[in-house]
Amino acid sequence: MLRVIPADSFLLNFASDRSHMKKSDGSWGMPPPLYPPIQTTECQMNLEDFISMKPAVGWGEVFSLDHFLANSKSQLVLTGANISC
1 MLRVIPADSF LLNFASDRSH MKKSDGSWGM PPPLYPPIQT TECQMNLEDF ISMKPAVGWG
61 EVFSLDHFLA NSKSQLVLTG ANISC
């Protein structure tokens, strides 16, 4: 399964407070990036909405791999993209 999200929607809506990087005791599982957490004016954490494969949740559209490949081949040819699988 793949969730395909338009870039402008991702950039306007994605937020992560990095809580997914912490262990249950509150320590970091891995050192966090040096830049500040990504937040929007309305949200500090919605990572689960972006990685969920439930079609009714989050942004964009959820595809099976076969459906994605079948629907993207014509677009890849039209844009001149060169993709090898």
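Take the sequence shown: its position 63, counting from 1, is numbered 63 in the UniProt record's numbering, and each next residue is one higher.
Don't be surprised by glycine CBs; every beta carbon is placed ideally from N, CA and C.
Near Lys22, which residues of its chain fall below 7 Å by C-beta distance, leaving aside the five closest residues on each side in sequence?
Trp28 and Gly29
Should Gly58 go down as buried or exposed, given a rule of 16 or more other Cβ atoms within 10 Å for buried?
In the assembly as shown, Gly58 is a buried residue. Its beta-carbon has 16 or more other beta-carbons within 10 Å.
Could you please give me the residues that DSSP links to Leu2 through a beta bridge?
Phe63
Look up Lys54 in the DSSP assignment and say whether it is helix, strand or coil.
In the structure shown, Lys54 adopts coil according to DSSP, grouped into three states.
May I ask you to report which of helix, strand or coil DSSP gives Ser27?
Correct three-state label for Ser27: coil.
Looking at Ile38 and Ala7, is the spacing between their C-beta atoms short of 8 Å?
No, the Cβ-Cβ distance between Ala7 and Ile38 is not below 8 Å.
Nearest residue (CA-CA) to Leu47, options Leu2, Ser19 and Met1:
If we check each option's Cα against that of Leu47, Ser19 comes out closest.
Short of 8 Å in beta carbon distance, which residues of its chain neighbour Ser9, apart from the five on each side in sequence? Order them along the chain.
Trp59 and Gly60
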